[in-house]
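In what follows, a structure is listed as structure tokens, so that the remarks can point back to it.
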Amino acid sequence: MANTSSSSKAEQNRDSAGRRFAIVTGASSGIGYELAKCCAQDGFDLLVVADEPIQRAADDFRGFGANVVAIEADLATVEGVDRLYAASDGRAVDALLANAGHGLGKGFLDQDFDDVRHLIDTNITGTLYLLQRVGREMRRRGTGRILITGSIAGFMPGTFQAAYNGSKAFLDSFSFALRAELKDSGITVTCLMPGATETEFFERADLMDTKIGQAKKDDPADVARQGYDAMMRGDGDVVTGWKNKLQSAIANVTPAGVLAEMHRKQTEPGSASR
Ligand SMILES: NC(=O)c1ccc[n+]([C@@H]2O[C@H](COP(=O)([O-])OP(=O)(O)OC[C@H]3O[C@@H](n4cnc5c(N)ncnc54)[C@H](OP(=O)(O)O)[C@@H]3O)[C@@H](O)[C@H]2O)c1
70 MANTSSSSKA EQNRDSAGRR FAIVTGASSG IGYELAKCCA QDGFDLLVVA
120 DEPIQRAADD FRGFGANVVA IEADLATVEG VDRLYAASDG RAVDALLANA
170 GHGLGKGFLD QDFDDVRHLI DTNITGTLYL LQRVGREMRR RGTGRILITG
220 SIAGFMPGTF QAAYNGSKAF LDSFSFALRA ELKDSGITVT CLMPGATETE
270 FFERADLMDT KIGQAKKDDP ADVARQGYDA MMRGDGDVVT GWKNKLQSAI
320 ANVTPAGVLA EMHRKQTEPG SASR
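One rule links them: number in this note's numbering = place in the sequence shown (from 1) + 69.
Below you can see the structure in the form of structure tokens.
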């Protein structure tokens, strides 16, 4: 029911050219780039953001006929999120794809705390602040679609990625709670839960000397397509790919200590060569 009324209101929200409007965070590469592509191909105009230059990606999205505003902002900061929101220039947001995030490998005691903090501020604080700003506006209008990029990492303690997995457990949980709060509001909330995906994530998280860093991974275009379709259907979540579905089912019935040891094999520094 909620989906149908959401769709019809979304139709009314199109601009004079009949185009819908989406915000995609972390759209410069990887899953976010592919999510923004799905939006552009499906007729959305875009506001895209990343922490580093994103103009080349924006040009790609324009190639699908989308009007694109691209900004650089650090979404770990309140100012960065405010700048992103201001760039929407009052235009009604039909879809928010809160995808920006990063990992951090190595042992917790060996990590620089500024990096740990940046991870938490990006993956959790900045994401929630943006969700609240855009979500309130969606609630006022009684329509909207939200996609949050969580992870199957949220199902298991992340030995040598402890803060990252914790941040994704937070987001997975938060997404379902927000969805339940917004039941019958006309807003749908979908959690995209990928497994290991071939993006710049592992290099940026300093995980290239690990088994997972060197393993064959999922195609970001496939992952994004499944996430986008789930968001448009208004599904609660999507675990992408059958292997990840199996892995998350196993995680549900395995003691946390065993999962933490299984994770070690994938992410322990130097595990790539063992
Ligand atoms: N790859 C995987 O195996 C995997 C699996 C499950 C979930 N995920 C999640 O998927 C999402 C996308 O990651 P990805 O794999 O596509 O990695 P990626 O290629 O490194 O892309 C990450 C994107 O997020 C942006 N970003 C990171 N921190 C930011 C910040 N503080 N402010 C603004 N933008 C920021 C990056 O922009 P800059 O380049 O400008 O920093 C980039 O556009 C993340 O939330 C990640 O946790 C990834």
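C-beta atoms are modelled at their ideal positions from N, C-alpha and C, and glycine is treated no differently.
Within the same chain, Cβ atoms closer than 8 angstroms to the Cβ of leucine 200 are found at Leu165, Ala167, Ile215, Ile217 and Leu247, the five residues on either side in sequence being excluded. Considering only Gly95, Asp111, Phe224 and Val150, the residue with the shortest C-alpha distance to isoleucine 123 is Gly95. Counting C-beta atoms within 10 angstroms of its own C-beta, threonine 323 has fewer than 16 neighbours from the protein chains shown and is therefore classed as exposed.
As the crow flies, the alpha-carbon of threonine 279 is around 25 angstroms from that of phenylalanine 239. The beta-carbon separation of valine 137 and valine 117, rounded to 6 angstroms, stays under the 8 angstroms limit for a contact. Relative to ligand 1, the beta carbon of isoleucine 319 is positioned no closer than 6 angstroms to any heavy atom.
About 16 angstroms separates the CB atoms of threonine 266 and aspartate 298; that is not less than 8 angstroms, and the two are not in contact. Straight-line spacing of the CA atoms in alanine 169 and cysteine 108 works out to 16 angstroms. Going by C-alpha positions, aspartate 143 is about 7 angstroms away from alanine 119. Check the Cα spacing between alanine 135 and each of Pro338, Asn321, Ala91 and Lys252: the tightest is with Ala91. Taking 7 angstroms as the cut-off, the beta carbon of arginine 208 is found closer than this to the beta carbon of serine 254. For glycine 213, the uninterrupted beta strand (DSSP E) segment begins and ends at 213-218. Our two residues, glutamate 250 and threonine 194, have alpha carbons roughly 19 angstroms apart in a direct line. With respect to the 7 angstroms criterion, phenylalanine 229 and threonine 336 are classified as neighbours on the basis of their beta carbons.
Leucine 315 is classed as exposed because its beta carbon has fewer than 16 other beta carbons within 10 Å across all chains shown. In the three-state reduction of the DSSP assignment, alanine 91 falls in the strand class. Distance from the C-beta of serine 220 to the nearest heavy atom of ligand 1 is below 6 angstroms. Cβ neighbours of alanine 325 within its own chain (closer than 6 angstroms, five residues either side excluded): Pro226. With a contact defined as Cβ atoms closer than 8 angstroms, threonine 257 and glycine 303 qualify at about 4 angstroms. Alanine 249 sits in a helix when the DSSP states are folded into three classes. Taking C-beta atoms as the reference points, cysteine 260 and aspartate 306 count as a pair closer than 7 angstroms. Per DSSP, glutamate 267 lies in no alpha helix (DSSP H) segment and is marked neither H nor E.
For the pair leucine 153 and proline 338, the Cα-to-Cα distance works out to about 36 angstroms. Excluding residues up to 5 positions away in sequence, Met225, Pro226 and Ala320 lie with their Cβ nearer than 7 angstroms to the Cβ of leucine 328 in the same chain. Arginine 186 counts as exposed, since fewer than 16 other beta carbons sit within 10 angstroms of its beta carbon. Leaving aside the five residues that flank glycine 99 on each side, the residues in its chain whose CB is nearer than 8 angstroms to its CB run, in chain order, Thr266, Thr268, Glu269, Phe270 and Pro289.
Annotation for isoleucine 281: the continuous alpha helix (DSSP H) segment containing it runs 280-283. Distances taken from the Cβ of serine 98 to the heavy atoms of ligand 1 include one shorter than 6 angstroms.
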